[in-house]
Every structure is written in structure tokens, then in C-alpha cells.
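The structure under discussion appears below in the form of C-alpha cells.
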Amino acid sequence: MRILIIEDSQQIMETVVDYLELEGLECDCAYDGQQALALAATECFDVIVADIMMARLDGVSAVRQMREKLKVLTPVIFLTARDSLADKQAAFEAGGDDYLVKPFAMQELLLRIHALARRREVATVRKVEFLGVCCNLSTHEIFWQGRPVKLGRLQRQVLAHLLQQAPAMVSREALIEAVWGDQPPATDSLRSHVYGLRTSLKSANIPISVETVHGEGYRLISL
190 MRILIIEDSQ QIMETVVDYL ELEGLECDCA YDGQQALALA ATECFDVIVA
240 DIMMARLDGV SAVRQMREKL KVLTPVIFLT ARDSLADKQA AFEAGGDDYL
290 VKPFAMQELL LRIHALARRR EVATVRKVEF LGVCCNLSTH EIFWQGRPVK
340 LGRLQRQVLA HLLQQAPAMV SREALIEAVW GDQPPATDSL RSHVYGLRTS
390 LKSANIPISV ETVHGEGYRL ISL
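Quick note: the sequence shown, position 25, residue 214 per my numbering, numbers continuous.
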């Protein structure tokens, strides 16, 4: 399990990380909200543990930006000395899932982390990812580094199927069946949608493209 710890106190950070790593968890560290946003934009975590009071972007503001701008769905535990109802309300409204007041027992933090991770596993939608491009297989929504990518409906379906098989090749027949089912188009629509998908990915500065394997099919490649 991979945890992002956001804490500006070196002593508290070391104490928390040492304990969690002894319990078999992998920890990444951010010492302010800005560092946390940079990590959340490019990395995937199972749980985020965030302090509130920090010099460069407080924890509540950082989590709010993760939810609203980066569309990060990772469960968040706020770990703070602030215990007023107003503080707790602000934390939960920003997107927090749990709230633990300092001082705290390390075992209780561990139990809360495991509880949130289990809850997330139950609620997690099916996703597939390749080279930083992620697809929600339930909705065919496409994300690049946590940000939504605007594509046409059929382009999203083509990309979703390619992502599921990446980096392997997908035959033309399999793609046509995945997108159009048992009613394939009369014309060579697949070729035009692949061309449009390439153009859209390039316009969005996403460093992958669709390579044609002549006479066989298509596959995703890194640029």
C-alpha cells in the first residue's frame, strides 16, 4: 500500500514514516501543500495523510485543489492539532474522509489507513492506465496526469480498448467489434476515428500515439 504523507514537521514526518514503513506500507513525503499537489498530479496513492497548518499552501487548500482541479479520488485523513468543529467542517467540505487530532496513537492512524483503503477497494471503479493515460472503463472518461481529456465518444471507445491491451496490438476486427458491436459501419470509419484520435492526443500534448500495424491493427506507443 502506498501512502502520501503531507507534514511540515520533520520530527512528526520521520515518526509517522518510520512506523508505517515498519508495518509494511510505502510512504512518499511532501513537506507542504505545493509539493503534495505536484506528487498527486503524477503519482497514484492508496491513502493521503495530510497536516492542515503548513507555510506553503495549507492542507485543506491542497486537498480541495486535488479534488477540484486534479480530480484525485484518493481517501484523505487529516492529521492535525486543530480540533474545533469549524476546522473539522472545513476539512470535510474540502474533500477529507477522516480526521485525527494530534497527539494520536500510531496504531490508531494505521487502523484508519487500512479502513479507508478497504473502503476504497470496494468503491473503486474499473480503470486501466498506460504511460500516464488513464481510462475509467465504466464511463470511458480519459485522464492524463489526473486531468480530463476531451475526446469524441467513438475516439474514447477506441482509446479505451487500446489502453486495455497496451502495449500489445489490437486487430482491426477486435476494435470494430469493441466500438460498433455486431453492426459494423459500412465505410472505413475506424481509420478516420484513429486519425482523429491521433490528432486529439497531439493537440493535448499527450506523449502517446496510435501506431498502425499494416494489414493487422493498431497499438499505443510512447512518443
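C-beta: ideal position from N, C-alpha, C; glycine also.
| Query | Result |
| --- | --- |
| Inter-residue Cα distance where the pair is ARG315 and LEU364 | 20 Å |
| Assigned exposure category for ALA280 - 16 Cβ within 10 Å defines buried | buried |
| Extent of the continuous alpha helix (DSSP H) to which SER250 belongs | 248-257 |
| Rounded separation between VAL430 and GLN353 - CA only | Since the first residue shown for the chain is 190 and the last is 412, residue 430 is missing from the structure and cannot be characterised. |
| 8 Å Cβ cutoff met for PRO264 and VAL236 | yes |
| Same chain, Cβ closer than 7 Å to GLY321, five either side skipped, listed in chain order | TRP333, GLN334 |
| Candidates ARG345, VAL338, LYS339, GLY341, of which the one nearest HIS329 by Cα | ARG345 |
| Alpha-carbon spacing of SER360 relative to HIS350, whole angstroms | 11 Å |
| Cut-off 7 Å between Cβ atoms - residues of its own chain near ASP240, not counting five sequence neighbours on either side | ILE195, GLU196, ASP197, GLY248, LEU268, THR269 |
| One or two residues paired with PRO337 in a DSSP bridge | PHE332 |
| Test item: CB-CB of LEU340 and CYS324 under 8 Å | no |
| Nearest-angstrom Cα separation, counted from LEU259 out to CYS233 | 12 Å |
| Sequence-distant residues of its chain with Cβ nearer than 8 Å to ASP276 (five each side left out) | ILE241, THR269 |
| LEU412 beta carbon less than 8 Å from that of PRO396 | yes |
| Cβ-Cβ distance between GLU215 and ARG191 below 8 Å | yes |
| Beta-carbon contacts of VAL399 that lie in its chain and below 7 Å, excluding the five residues immediately before and after | LEU351, VAL383, LEU386, ARG387, TYR407, LEU409 |
| Proximity of GLY284 and MET243 at Cβ, strictly below 8 Å | no |
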